[in-house]
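>
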Amino acid sequence: MKSDRVLRVIAKLMIPFVLVFALYVQLHGDFGPGGGFQAGVILAAGLIFYGLIFGLETTRRIAPDWLVETMVAAGVLIYAGVGVVSMLLGGNFLDYSVLARDPVAGQHLGILLVELGVGVTVSGVMVTIFYMFAGRAGREPGED
Amino acid sequence: MIALQLPALQVLLPLAAAPLCLLARRSGAAWALALATGWAVFAVAVALMLQVAGSGPISYAMGGWAPPWGIEYRVDAANAFVLVLVSGVGALAVTYARESLARKIAREQHALFWTAYLLCLGGLLGVTVTGDAFNVFVFLEISSLATYILIAMGRDRRALYASYQYLIMGTIGATFIVIGVGLLYLMTGTLNIVDLAGRIGDASLARPKLAALAFLTVGISLKLALFPLHLWLPNAYAYAPSVATAFLAATATKVAVYLLLRFGFGVFGHSQVFSRLPLGEVLLVLSIGAMFVASVVAIYQADVKRLFAYSSVAQIGYITLGASLASQTGLTASIVHLFNHAVTKGAIFLLLGCVALRVGQPTIERIAGLGRRMPWTSAGLVIGGLSLIGVPGTAGFVSKWYLVLAALERGWWWLAALILLSSLLAVVYVWRVVESCYFREPSPRLAQAPEAPASMLIPALALAAACVYFGLSTGFSVGGAAAAAASLLQALP
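From first to last, the protein sequence lines are chains A and B. Taking the numbering used here, I'd label the letters of the first sequence as residues 1 to 144. Taking the numbering used here, I'd label the letters of the second sequence as residues 145 to 637.
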């Protein structure tokens, strides 16, 4: 699809907005609709869109396998890490109130960080699934 | 301070170690991490059990939100016992696994295997420790998804099919469970299990409550492979990697049984289900079906792993049989057998992993002459077999003793006779294995085979020794089970 000029131009125009929108959904999640899961999916959708137009190889150069795999693990660790920090500060697991001096600010901070973890893992997983399916396309069944 | 955080740590440790394993990438590092986590989790479970024994049930408010609004982790005599069992077998299986994995699974997949293993362990512990009905579903899915991966990692290509089969059945089961939980929420407006138990008595036997009970029972029965919902189990156990088979056989179905007891007695015990519905009778018939049909099918298996997989279905029948009697003795028998069978089957499948290392997929033909070439392994298998039959001096005898007691308590002589009759079927299938091991010339594959490496034999034989230990000293197993049964039965009048 790389040869189609219309697709290429539209993709280049749209992808930056998709990525910014992902950030908006990510950071706005605690005030309005949205959150880590949706943001992760939107971010991954931007990357997958790029992959569909410009090919798997180019996409893998931007987001190499090691990076995507690390994202899958890192998000969970961010989530668990917030819980561990709140335990160390004397609260229960994932008790955000102890994260800041003011409990309300602590709740804000906690949910923001946890959602960040969710976003990182979800986008990592989505891109991994895309790589897995797209990577198989050239191979004959049973060759594996 | 750490003592207060134990319920969260029980689940947090494996779930946080899983992504670290993925990041470690290297086989040795991932194994070391899994090993450390496995034993740390076991230590936490033991500490929790001691705490519960000392000062009664523990309630832990996740995120500081007080129950019943927030998610509560609740440890009482019943689930503390299951936690110790699951984490203990989990730790032993990791200790055993290094050599077996090195030969059976491609090196670059080891880190993935340990990630899935820890996720599965974390999920199973989560199902057990949580006091929130929806949380149960979430953890069940975590453990199930990880289980599908573990099974699919078997070398045999049939492992993929087995995993897919389990995926379909398991997903149906999980869907039924979440529908059941949803209906309970509809009726009571709460998801906290203790709170549910308190409120469910209010509404009489309304339709949604019956539907919830039906969905939960069928869904959980799929997970615990209650006859005739067991069809996914034989293939899954036969073709999964040995470590995974041993771990799953000893823990996954047992946690599902715990769930059945928790919902059956802990929640619905407060309504009049047992007096007004023939639930016990249905369970009784299915259990007897499992004991006989699965044992007979086991006799005709050529593959030893499949043989013992069918035997698992039969043994689960004994566990649910005890539960169907709905008495203190019956439930004690059920939980004791849950424990004893986990120990026995864990030992047998770990030892079969040693055999598989030398002969590939173990069939009756291929294990001919095992007694001469691998004396320790086959001796362990014999002990496990005796425990399955229920020979005095082994763990299996203790559970069958209590089952017969529970049947006699009701005055059901015929049931006691059926329990003994079905044990004779176990004699037949265990004898087929023993006969092949000791009374035949070694098969060509075994002719040069040395004994399995010590790193695998020691954990496996430790479990086999536990079969004997718990057959002679019943303080921990029967004591723990009786306390668990009493805490579950508090609900019943």
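The beta carbon of each residue, even a glycine, is placed where N, CA and C say it ideally should be.
(1) Taking the beta carbon of Gly32(A) as the centre, do at least 16 other beta carbons fall within 10 Å, making it buried, or is it exposed?
(2) So within the stretch 22-60 of chain A, which uninterrupted alpha helix (DSSP H) runs reach at least 4 residues, ignoring any that extend past its ends?
(3) Taking just the CA atoms, how far does Gly198(B) sit from Ser456(B)?
(4) Could you check whether the Cβ of Asp65(A) sits closer than 8 Å to any Cβ belonging to chain B?
(5) Please list the segments of the alpha helix (DSSP H) lying wholly inside the stretch 65-93 of chain A, counting only runs of 4 or more residues, in order along the chain.
(6) Is the Cβ-Cβ distance between Ala495(B) and Val401(B) less than 8 Å?
(7) Looking at the secondary structure, which residues open and close the alpha helix (DSSP H) in which Tyr644(B) lies?
(8) Look at the alpha carbon of Phe49(A) and the alpha carbon of Leu77(A), and state the distance between them as a whole number of angstroms.
(9) In three-state terms, what does DSSP make of Asp339(B)?
(10) For Thr476(B) versus Gly234(B), is the C-beta distance shorter than 8 Å?
(11) Among the candidates Leu366(B), Gly172(B) and Ile563(B), whose CA atom is the shortest distance from the CA of Lys398(B)?
(12) Closest to Ala593(B) by C-alpha separation, out of Gly624(B), Gly424(B), Phe541(B) and Leu501(B), would be which residue?
(13) In the DSSP assignment, find the unbroken alpha helix (DSSP H) run with Tyr462(B) in it and report its ends.
(14) Return no unless some Cβ of chain A is closer than 8 Å to the Cβ of Tyr261(B).
(15) Assuming Ser468(B) contacts Leu428(B) (C-beta within less than 8 Å), just tell me the rounded distance between them.
(16) Please report the residue range of the beta strand (DSSP E) in which Arg218(B) lies.
(17) Report all residues from its chain with a CB closer than 7 Å to the CB of Ser288(B); omit the five preceding and five following residues, and keep chain order.
(18) Got a sec: is the Cβ-Cβ distance from Gly106(A) to anything in chain B below 8 Å?
(19) Checking contacts by CB at 8 Å: is Gly83(A) closer than that to chain B?
(20) Do Leu157(B) and Ala176(B) have their beta-carbon atoms positioned less than 8 Å apart in this structure?
(21) Roughly how many angstroms separate the alpha carbons of Gln149(B) and Leu7(A), rounded to a whole number?
(22) Closer than 8 Å is the cut-off here; do at least three beta carbon pairs connect the stretch 83-93 of chain A with the stretch 40-47 of chain A?
(23) What does the alpha-carbon distance come out to for the pair Thr521(B) and Pro597(B)?
(24) Starting from the C-beta of Glu140(A), find all residues in its chain whose C-beta is less than 6 Å away, skip the five residues before and the five after it, and write them out in chain order.
(25) Does any CB atom of chain A fall closer than 8 Å to the CB of Pro163(B)?
(26) Which same chain residues, not among the five before or five after Ala191(B), have their C-beta less than 7 Å away from its C-beta?
(27) List, in chain order, every chain A residue whose beta-carbon is nearer than 9 Å to that of Tyr204(B).
(28) Using C-beta distances below 7 Å, list every residue in its chain close to Ser203(B), excluding the 5 sequence neighbours before and after it, in chain order.
(29) Can you give me the C-alpha to C-alpha distance between Ala100(A) and Pro372(B), rounded to a whole angstrom?
(30) Could you say which of Val280(B), Gln445(B), Gly524(B) and Val282(B) lies nearest to Leu605(B) if we only look at CA atoms?
(31) Using a threshold of 8 Å, state whether the C-beta atoms of Thr334(B) and Leu340(B) are closer than that.
(32) Determine the chain B residues that contact Leu77(A) at a beta-carbon separation under 9 Å, and present them in chain order.
(33) By alpha-carbon positions, which one of Ser471(B), Ala147(B), Ala453(B) and Phe436(B) ends up nearest to Gly424(B)?
(34) Compare the Cα-Cα distances from Val441(B) to each of Phe407(B), Ser566(B) and Gly534(B) and report the closest residue.
(35) Could you confirm whether any beta carbon from chain B is found closer than 8 Å to the beta carbon of Glu115(A)?
(36) Determine the DSSP secondary structure at Ile511(B), reduced to helix, strand or coil.
Let's see:
(1) exposed
(2) 36-54
(3) 34 Å
(4) no
(5) 65-88
(6) Going by the sequence as given, residue 495(B) is Leu instead of Ala. No, they are not a contact pair.
(7) An answer regarding residue 644(B) cannot be provided, because it is not within the stretch 145 to 637 covered by chain B.
(8) 28 Å
(9) helix
(10) no
(11) Leu366(B)
(12) Of all alpha-carbon atoms in Gly624(B), Gly424(B), Phe541(B) and Leu501(B), the one lying nearest the alpha-carbon of Ala593(B) is that of Leu501(B).
(13) Here the alpha helix (DSSP H) through Tyr462(B) covers Val448 to Ser468.
(14) no
(15) That pair is a contact at about 4 Å.
(16) Arg218(B) -> beta strand (DSSP E) spans Glu216 to Val219.
(17) The beta carbon of Ser288(B) lies closer than 7 Å to those of Gly314 and Ala318 in the same chain, with the five residues before and after it left out.
(18) no
(19) yes
(20) no
(21) 55 Å
(22) Here the stretch 83-93 of chain A does not lie against the stretch 40-47 of chain A, with fewer than 3 beta-carbon pairs under 8 Å apart.
(23) 10 Å
(24) For Glu140(A), the predicted structure reports a pLDDT of 44, less than 50, and the residue's modelled location is therefore unreliable. A value from the coordinates is still provided. Within the same chain, Glu140(A) has no close Cβ partners at all.
(25) yes
(26) Leu150
(27) Residues of chain A passing the Cβ test: Asn92 and Phe93.
(28) Pro211, Glu216 and Arg218
(29) 55 Å
(30) Gly524(B)
(31) yes
(32) Those are Ala160, Pro163, Leu164 and Leu167, listed as they occur along chain B.
(33) Ser471(B)
(34) Ser566(B)
(35) When Cβ-Cβ separations below 8 Å define contact, Glu115(A) makes no contact with chain B.
(36) coil
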